[in-house]
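Written below as structure tokens is the structure these notes are about.
Residue numbers (the numbering used here): 3 to 300.
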């Protein structure tokens, strides 16, 4: 990896390298390139140094927050409410997303480092669609947080979003699209997904659970400031990334590698500058999908 790797040793752990290999279908050249780009990005962007004070305004409406419960596998849960967007700065929105990702990883107790996204579409309409935010979000997640998504639940998405998904899905890798589940509160069959993955007593009522306590900005603010202290302690101890918790044993690494071996790509493939995305979408196609969705909603 070169000298730069010594500045962020945790990102070069076996567990981290495994995620990058999976993201690039076991092509070592592409995985190496991807990891180097993330190392450079972290040194420049310094995501671990983003504090609650820096992004508190972005969090006020609860558009993204870390739930105070996990799924049945112990995975961290990020709740997202796209209709609660309260700012116009793409830079600020992406910065807050990065903050949420860093702290979700920091708090993770799962051995594989995966997390769950619960996306609530209540109040969502096409005005919530932003081409730039969608593109920038995909870029950050696909290039710098590979193999972090374990499950994404789209809760009560409107018909118009389904049209958007139909257009976008062909551009996703199958292993990514399979992690996306549509759940409807009026469909008992789809609600089984919630029962299989969450304890109803802990799950919020807005997602069909029994927990009436939702997002409270003041309480969450205190919680995140405590998290900031934890992050600071780890930085002071020499860690420049919260990924240290995702370290796996050698046997776990081998088991995981074996289970994914059928997706292995040959290292003899040519290494191009453009690496296929597992979350991305060509700009022209994304624009087309967005325009079509907006048109359908009229």
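Don't be surprised by glycine CBs; every beta carbon is placed ideally from N, CA and C.
Everything numeric in this text was worked out from a predicted model, so none of it was measured.
Cα-Cα, which of the options is closest to residue i?
| i | options | result |
| --- | --- | --- |
| residue 139 | 97, 42, 126 | 97 |
| residue 93 | 137, 42, 157 | 137 |
| residue 218 | 20, 61, 38, 47 | 61 |
| residue 69 | 44, 119, 166 | 119 |
| residue 76 | 117, 59, 90, 191 | 117 |
| residue 32 | 230, 166, 197, 148 | 148 |
| residue 67 | 189, 82, 55, 59 | 82 |
| residue 90 | 36, 58, 132 | 132 |
| residue 151 | 115, 73, 30, 176 | 115 |
| residue 230 | 56, 22, 45 | 56 |
| residue 236 | 107, 201, 142 | 107 |
| residue 74 | 223, 199, 238 | 199 |
| residue 112 | 85, 72, 80, 86 | 72 |
| residue 163 | 30, 130, 95 | 130 |
| residue 224 | 20, 35, 58, 34 | 58 |
| residue 141 | 180, 205, 36 | 36 |
| residue 181 | 153, 84, 20 | 153 |
Sorted by chain position, which residues of the same chain lie with C-beta nearer than 8 Å to residue i's C-beta, five sequence neighbours on each side aside?
| i | result |
| --- | --- |
| residue 207 | 213, 214, 216 |
| residue 262 | The predicted position of residue 262 is uncertain, since its pLDDT is 47 and thus under 50; a value taken from the coordinates is nonetheless stated next. Within the same chain, residue 262 has close Cβ partners 24, 28. |
| residue 187 | 157, 158, 193, 210 |
| residue 160 | 123, 126, 127 |
| residue 52 | 97, 100, 101, 104 |
| residue 195 | 155, 183, 185 |
| residue 233 | 50, 104, 105, 108, 244 |
Assuming residue i and residue j make a contact with CB atoms under 8 Å, what is their CB distance in whole Å?
| i | j | result |
| --- | --- | --- |
| residue 88 | residue 128 | The Cβ separation is near 18 Å, so there is no contact. |
Just grab the DSSP bridge partners of residue i for me.
| i | result |
| --- | --- |
| residue 122 | 157 |
| residue 182 | 154 |
| residue 127 | None; residue 127 has no bridge partner. |
Starting from the C-beta of residue i, find all residues in its chain whose C-beta is less than 7 Å away, skip the five residues before and the five after it, and write them out in chain order.
| i | result |
| --- | --- |
| residue 49 | 100, 104 |
Can you list, in chain order, the residues of its chain whose CB lies under 6 Å from that of residue i, leaving out five sequence neighbours each side?
| i | result |
| --- | --- |
| residue 279 | With a pLDDT of 41 at residue 279, under the threshold of 50, the predicted position of this residue should be treated as unreliable, though the coordinate-derived value follows. For residue 279, where only same-chain residues beyond five positions count, the Cβ hits under 6 Å are 144. |
| residue 146 | 40, 43 |
| residue 54 | 226, 227, 230 |
| residue 109 | 78 |
| residue 134 | 92 |
| residue 172 | none |
| residue 202 | 211, 212 |
Is residue i close to chain C? Criterion is C-beta to C-beta, closer than 7 Å.
| i | result |
| --- | --- |
| residue 20 | No chain C is part of this structure, which consists of one protein chain only. |
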